[in-house]
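For the first sequence, position 198 (counting from the first letter as 1) is numbered 221 according to the numbering used here, and the numbering increases by one without interruption.
No residue lacks a Cβ here, since even glycine has one placed at the ideal position from N, Cα and C.
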Amino acid sequence: MLLQTQSHALRPLTTAHLAQTMTLLSLSTQELRQKIESELASNPALELIHDRRCPNCHRRLPATGLCPICSKPQLNAPDQPVVFISARADFRQYSGRASLEELPDEEWTAAEEDLPTYLLRQIAPELDQADRPLAAHLLTCLNDDGLLSVPLVEIARYQHVPLSRVESVLDLIQRSDPLGVGSPTPQEALLVQLGMLAETRAIPALTERAIREGMDLLSRHAYLELGKRLGISTSQAQLIARFISENLNPFPGRTHWGGASQAQTNNQVYGSPDIVISHQNNNRAAPLVVEILSPISGTLRINSLFKRSLAQAPEDKLEEWQAALDQASLLVKCLQQRNHTLVRLMQRLVVLQREFILKGDAHLNPVTRAYLAIELEVHESTVSRAVSGKSLQLPNGRIVPLSKLFDRSLHIRTALRQIIAQERKPLSDTEISELLHKQGYQVARRTVAKYRTMEGILPARFRHASPV
DNA sequence: CTATGGCACGGATT
DNA sequence: AATCCGTGCCATAG
Numbered sequence: 024m025l026l027q028t029q030s031h032a033l034r035p036l037t038t039a040h041l042a043q044t045m046t047l048l049s050l051s052t053q054e055l056r057q058k059i060e061s062e063l064a065s066n067p068a069l070e071l072i073h074d075r076r077c078p079n080c081h082r083r084l085p086a087t088g089l090c091p092i093c094s095k096p097q098l099n100a101p102d103q104p105v106v107f108i109s110a111r112a113d114f115r116q117y118s119g120r121a122s123l124e125e126l127p128d129e130e131w132t133a134a135e136e137d138l139p140t141y142l143l144r145q146i147a148p149e150l151d152q153a154d155r156p157l158a159a160h161l162l163t164c165l166n167d168d169g170l171l172s173v174p175l176v177e178i179a180r181y182q183h184v185p186l187s188r189v190e191s192v193l194d195l196i197q198r199s200d201p202l203g204v205g206s207p208t209p210q211e212a213l214l215v216q217l218g219m220l221a222e223t224r225a226i227p228a229l230t231e232r233a234i235r236e237g238m239d240l241l242s243r244h245a246y247l248e249l250g251k252r253l254g255i256s257t258s259q260a261q262l263i264a265r266f267i268s269e270n271l272n273p274f275p276g277r278t279h280w281g282g283a284s285q286a287q288t289n290n291q292v293y294g295s296p297d298i299v300i301s302h303q304n305n306n307r308a309a310p311l312v313v314e315i316l317s318p319i320s321g322t323l324r325i326n327s328l329f330k331r332s333l334a335q336a337p338e339d340k341l342e343e344w345q346a347a348l349d350q351a352s353l354l355v356k357c358l359q360q361r362n363h364t365l366v367r368l369m370q371r372l373v374v375l376q377r378e379f380i381l382k383g384d385a386h387l388n389p390v391t392r393a394y395l396a397i398e399l400e401v402h403e404s405t406v407s408r409a410v411s412g413k414s415l416q417l418p419n420g421r422i423v424p425l426s427k428l429f430d431r432s433l434h435i436r437t438a439l440r441q442i443i444a445q446e447r448k449p450l451s452d453t454e455i456s457e458l459l460h461k462q463g464y465q466v467a468r469r470t471v472a473k474y475r476t477m478e479g480i481l482p483a484r485f486r487h488a489s490p491v
């Protein structure tokens with residue numbers, strides 16, 4: 024028995040290590056944070072140091088949370104992008120700020136005021152004086168997305184008012200400027216917006232049902248399935264999806280639908296990015312800086328007190344404590360490995376896709392995961408896991424899935440979009456295919472059709488005169 | 001008859 | 001091994 028525990032304690036690494044590294048790598052920053060927090064809560068051998076030190080070079084950090092050394096390009100290699108683990112774990116406000124910078128000037132005044140007061144001003148005239156505290160309570164419960172994550176009943180109980188009154192006040196809020204704000208789910212936000220929009224404008228058939236019954240499919244871009252569920256064709260389902268993404272906003276808190284400025288917002292991702300690419304000081308000429316956002320602020324390490332007390336552990340607890348310690352050190356190690364892999368991946372990726380990052384969709388290099396795996400001398404699946412489920416914020420503030428950097432057909436699709444934008448008369452798929460051949464893209468006529476629907480472009484015949 | 005979408009197959013990718 | 005993607009063939013709509 025004794026021999027068994029010893030050998031068990033001696034060789035827990037390798038396989039377990041590998042397995043955990045893989046799972047950690049495939050987690051997004053948010054998921055990883057949850058995982059770490061739960062580990063931290065349950066495992067006394069782990070400890071989080073709230074130091075304000077850079078995770079890369081361990082120098083003291085200024086209040087901004089950005090390491091002045093690591094975020095600067097090296098003098099001897101100014102062209103090399105800087106890739107580092109970012110110490111600022113709280114990036115919600117960060118991404119929010121980035122999107123605000125994109126707003127045209129006239130929107131600034133509205134945006135500068137914070138959301139709750141902005142809303143309160145709107146609803147004040149229609150609001151019964153007695154309901155003011157209730158409204159204030161509701162508004163302060165809004166999260167960054169403009170959604171209400173607290174159940175209504177809870178608020179009703181807290182304020183000692185009937186549920187119906189809470190509902191009527193909330194209804195007032197939902198009809199205020201960021202339309203749908205205060206809805207409990209993105210789904211309901213969309214429905215409210217749709218309802219208001221329906222009064223002034225024609226809406227594709229079945230849009231409401233698509234949101235009600237196919238929300239899950241909609242967010243997964245599973246248009247084929249959506250079509251089946253609604254009993255319509257895939258392309259019709261795609262049209263509905265396109266209409267929704269162009270006219271509605273599932274997260275009313277993020278002011279994103281300002282005018283016609285965003286014509287091609289294809290697969291915009293909402294939520295927090297895992298990686299942020301920006302120019303230093305927002306200066307377009309400055310080198311690129313790549314931050315891999317850390318899931319936690321501070322340093323995760325083994326609790327040295329716990330380790331020392333292991334020597335005096337009571338007989339019956341020894342095994343349990345040892346296991347906790349092993350698990351903790353495993354987690355710390357794997358976390359480092361994950362960071363290392365991500366840094367190496369991004370270092371190479373940013374060089375390969377520099378054009379795309381700076382100039383946009385048309386300049387995407389068709390890089391495959393397998394190719395990158397060979398370059399980095401890691402297994403394909405490692406790259407796969409590192410890429411999956413992560414999102415990337417580009418210097419222009421857009422957040423896209425990291426897998427977009429591995430899209431093999433995006434540059435052809437943008438070429439296609441250009442052709443159609445410049446066409447004098449509607450071109451048939453066959454004609455477009457020929458034009459693409461002249462540009463050096465060998466795509467079959469059938470494929471043109473696929474790309475066209477992917478971009479949400481109507482068939483030639485129906486495309487005649489519709490300047491939206 | 002032409003343009004286009006659906007389905008399914010094979011090869012590449014993950 | 002599972003999934004995605006480009007393509008060919010066929011049915012259908014205009």
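Helix, strand or coil at valine 423 [DSSP, three-state]: Taken through DSSP and simplified to helix, strand or coil, valine 423 comes out as strand.
Residues near lysine 340 in its chain [Cβ-Cβ closer than 6 Å; skip 5 each side]: Cβ within range, chain order: n/a, list empty.
Lysine 382, buried or exposed, once every other Cβ within 10 Å from all chains shown has been counted against 16: So lysine 382 counts as exposed.
Check whether valine 366 and isoleucine 315 have beta carbons under 8 Å apart: Between valine 366 and isoleucine 315, the C-beta gap is smaller than 8 Å, which places the two residues in contact.
Cβ pair count under 8 Å reaching 3, the segment 185-193 against the segment 145-159: Judged by pairs of C-beta atoms under 8 Å, the segment 185-193 touches the segment 145-159, as three or more such pairs exist.
For arginine 468, the nearest candidate out of Phe329, Lys58 and Asp452 (CA to CA): Comparing Cα positions, the closest option is Asp452.
Cβ-based neighbour list, glycine 282, same chain, cut-off 7 Å, excluding 5 preceding and 5 following: Bear in mind that a pLDDT of 26 at glycine 282, under 50, signals an unreliable position, so the number given afterwards is only what the model happens to contain. The same chain holds no residue with a CB closer than 7 Å to that of glycine 282 once the five nearest residues on each side in sequence are set aside.
Rounded distance between the beta-carbons of isoleucine 380 and leucine 417, thought under 8 Å: Between leucine 417 and isoleucine 380, the beta carbon gap of about 6 Å places them in contact (Cβ cut-off 8 Å).
C-alpha distance - cysteine 77 paired with proline 207, whole-angstrom precision: Rounded to whole angstroms, the separation of the alpha carbons of proline 207 and cysteine 77 is 38 Å.
Selected residue, minimal CA-CA separation from glycine 169, among Asn419, Leu387, His81 and Leu202: Closest in C-alpha terms to glycine 169, from the list Asn419, Leu387, His81 and Leu202, comes Leu202.
Three-state class that DSSP yields for leucine 143 in the structure shown: Per DSSP, reduced to three states, the secondary structure at leucine 143 is helical.
Nearest-angstrom Cα separation, counted from glutamine 216 out to aspartate 493: There is no way to answer for residue 493, as the model of the chain reaches only from 24 to 491.
Under the three-state DSSP convention, the category threonine 208 falls into: Correct three-state label for threonine 208: coil.
Bridge partners - arginine 76, DSSP secondary structure assignment: DSSP lists Arg83 as partners of arginine 76.
Check: arginine 408 C-beta below 7 Å from any heavy atom of the ligand MG: In terms of ligand content, the structure shown is empty, and the ligand MG therefore cannot be addressed.
Start-to-end residues for the beta strand (DSSP E) that takes in threonine 322: Looking at the DSSP string, the run of the beta strand (DSSP E) that includes threonine 322 is 322-325.
Leucine 41 versus Ser432, Leu353 and Leu249, residue with shortest Cα-Cα distance: Cα-wise, what sits closest to leucine 41 is Leu353.
Where glutamine 416 falls: helix, strand or coil (DSSP): Note: glutamine 416 maps to strand in three-state DSSP.
Host alpha helix (DSSP H) of isoleucine 315 (start-end): In the DSSP annotation of this structure, isoleucine 315 is not part of any alpha helix (DSSP H); the continuous beta strand (DSSP E) holding it starts and ends at 311-316.
Neighbourhood of alanine 351 by C-beta, 7 Å cutoff - its chain only, sequence neighbours within 5 removed: By the criterion of a C-beta distance shorter than 7 Å, alanine 351 is surrounded in its chain by Asn66, Ala68, Leu69 and Ile325, once the five residues flanking it on both sides are discounted.
Backbone CA spacing between threonine 257 and glutamine 53 [nearest angstrom]: Spanning the alpha carbons of threonine 257 and glutamine 53 requires a straight line of approximately 33 Å.
Three-state secondary structure (DSSP) of histidine 402: It is coil, neither helix nor strand.
Three-way DSSP call (helix, strand, coil) for phenylalanine 274 in this model: Phenylalanine 274 falls in the coil class under three-state DSSP.
Close-in-space but distant-in-sequence residues of the same chain around glutamine 43 (CB under 8 Å, 5 per side omitted): The answer, listed in chain order, is Leu353, Leu354 and Cys357.
Contact check, proline 389 vs arginine 431, beta carbons under 8 Å: For proline 389 and arginine 431, yes; Cβs fall inside 8 Å.
For threonine 476, the three-state DSSP class (helix, strand or coil): Helix, per DSSP.
Neighbourhood of glutamate 403 by C-beta, 7 Å cutoff - its chain only, sequence neighbours within 5 removed: Short of 7 Å from the beta carbon of glutamate 403, and not among the five residues preceding or following it, lie these beta carbons of its own chain, in chain order: Arg392, Ala393 and Ala396.
Same chain only: Cβ atoms within 7 Å of methionine 238, ignoring 5 sequence neighbours per side: The answer, listed in chain order, is Gln210.
Range of the contiguous beta strand (DSSP E) that encloses isoleucine 108: Run containing isoleucine 108: 105-109, per the beta strand (DSSP E) assignment.
Residue nearest to isoleucine 234 in terms of C-alpha spacing, selected from Glu60, His73, Asn272 and Val189: Answer by Cα proximity: Asn272.
For isoleucine 319, the first and last residue of its enclosing alpha helix (DSSP H): Neither: isoleucine 319 is in no alpha helix (DSSP H) and is coded neither H nor E.
Proximity below 8 Å, CB of leucine 186 to CB of alanine 179: Against a cut-off of 8 Å, the Cβ pair of alanine 179 and leucine 186 comes out as a contact.
Cβ-Cβ separation, arginine 436 to glutamate 478 (assumed contact under 8 Å), whole Å: In this structure glutamate 478 touches arginine 436 by the C-beta definition: roughly 6 Å separates them, less than 8 Å.
Neighbourhood of leucine 333 by C-beta, 6 Å cutoff - its chain only, sequence neighbours within 5 removed: Counting only Cβ-Cβ distances below 6 Å, and skipping sequence neighbours, we find Trp344.
8 Å Cβ cutoff met for leucine 48 and arginine 408: Less than 8 Å separates the beta-carbon of leucine 48 from that of arginine 408.
Buried or exposed by the 16-neighbour rule on C-beta atoms within 10 Å, applied to threonine 405: Flag for threonine 405 reads buried.
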